[in-house]
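Each residue of the sequence shown is one higher than the one before, counting from 48 in this note's numbering. Scroll down for the structure; my scribbles are underneath it.
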Amino acid sequence: MTSNPSPSPSPSPSGGRMRPWAKKLVGIVGALVLALVTAVVGAWAEHKLDEDDSPAAAPSAVAVEPSGALRDSGKQAEPQGAPPGAASPPEGPDLHCRTSVQAVGAVQWWPCARVWKDRIDFGVMLRGGEERRTVRLRFGYHTAVPRHFTSCTAEAGMQVETGPGSDTRWVTAAGCSVARTPVAVQTKAWAAPERGAWSGSLLSPTLHVQPDGSVVDPSRG
Numbered sequence: 048m049t050s051n052p053s054p055s056p057s058p059s060p061s062g063g064r065m066r067p068w069a070k071k072l073v074g075i076v077g078a079l080v081l082a083l084v085t086a087v088v089g090a091w092a093e094h095k096l097d098e099d100d101s102p103a104a105a106p107s108a109v110a111v112e113p114s115g116a117l118r119d120s121g122k123q124a125e126p127q128g129a130p131p132g133a134a135s136p137p138e139g140p141d142l143h144c145r146t147s148v149q150a151v152g153a154v155q156w157w158p159c160a161r162v163w164k165d166r167i168d169f170g171v172m173l174r175g176g177e178e179r180r181t182v183r184l185r186f187g188y189h190t191a192v193p194r195h196f197t198s199c200t201a202e203a204g205m206q207v208e209t210g211p212g213s214d215t216r217w218v219t220a221a222g223c224s225v226a227r228t229p230v231a232v233q234t235k236a237w238a239a240p241e242r243g244a245w246s247g248s249l250l251s252p253t254l255h256v257q258p259d260g261s262v263v264d265p266s267r268g
């Protein structure tokens, strides 16, 4: 006498596939988690880059030849965020500058970052007085995350001659830039007379490069 085999279990109606409403729920939760992580990292980077304003905290810099690094800006339109009367550097990059200036004698200075299609350059804008003057500049840039400061000049600084005349010029150093990839960055700079003590440091606005390559400058609201 033979026994009838037990009927095999019926396959699940879903065939092991995730239901549409479950897929939608997973997508929504993933998007919310990504947005939260992005906001937290951005806020952390903004806070970390803006602290540590002490010149002593900068590591020893590798000397960079200043030859060819000084570029006259000419008489172009004022860039957004730059002090009144400041002319933009040539070739029209998106310029992000500190809006207040300091002075070494008659020479005014302020740090900026210049955003190009494929990179971001860091440096200082100078506006001279009616007499020729020599100043020293020391500058570099912060990146996060992880937090790191890269100096673009020697510890003794880069000597720059200004004037006569009140033209505004852009000063940077070879290789003082980063690729335009997702990162938070800002310029940090000091200035001093040809013989004399260094000023306190100044910081440019913190720039947040997004995954799509766009640049967010919170200081522009």
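Think of the CB as a built atom: it goes at the ideal place given N, C-alpha and C, for glycine as much as any other residue. All of these numbers come straight from a predicted model, not from anything done at the bench.
Alpha carbon to alpha carbon, how far is residue i from residue j?
{"i": "C144", "j": "C159", "result": "4 Å"}
{"i": "W217", "j": "R174", "result": "9 Å"}
{"i": "A238", "j": "Q155", "result": "10 Å"}
{"i": "D214", "j": "L249", "result": "21 Å"}
{"i": "V225", "j": "A236", "result": "17 Å"}
{"i": "P265", "j": "V232", "result": "12 Å"}
{"i": "A244", "j": "F196", "result": "22 Å"}
{"i": "L254", "j": "P211", "result": "33 Å"}
{"i": "G268", "j": "T190", "result": "21 Å"}
{"i": "R166", "j": "A153", "result": "32 Å"}
{"i": "K164", "j": "T219", "result": "18 Å"}
{"i": "T181", "j": "S198", "result": "21 Å"}
{"i": "V192", "j": "D141", "result": "23 Å"}
Would you mind sorting residue i into buried or exposed? The rule is 16 or more other CB atoms within 10 Å of its CB.
{"i": "D168", "result": "buried"}
{"i": "Q257", "result": "exposed"}
{"i": "A221", "result": "exposed"}
{"i": "R161", "result": "buried"}
{"i": "T146", "result": "exposed"}
What is the C-beta distance between residue i and residue j, in whole angstroms, given that I count them as a contact (C-beta under 8 Å)?
{"i": "V148", "j": "W157", "result": "5 Å"}
{"i": "G260", "j": "R227", "result": "6 Å"}
{"i": "R179", "j": "E241", "result": "The pair is not a contact, with the Cβ atoms about 11 Å apart (cut-off 8 Å)."}
{"i": "T234", "j": "S251", "result": "4 Å"}
Measuring alpha carbon to alpha carbon, tell me which residue in the options is nearest residue i.
{"i": "M205", "options": "L254, V171, G176", "result": "V171"}
{"i": "A203", "options": "H189, R185, G210, G247", "result": "R185"}
{"i": "P229", "options": "G247, C223, A201, V262", "result": "V262"}
{"i": "E177", "options": "L142, E208, G247", "result": "E208"}
{"i": "T200", "options": "C223, R194, T181, V192", "result": "C223"}
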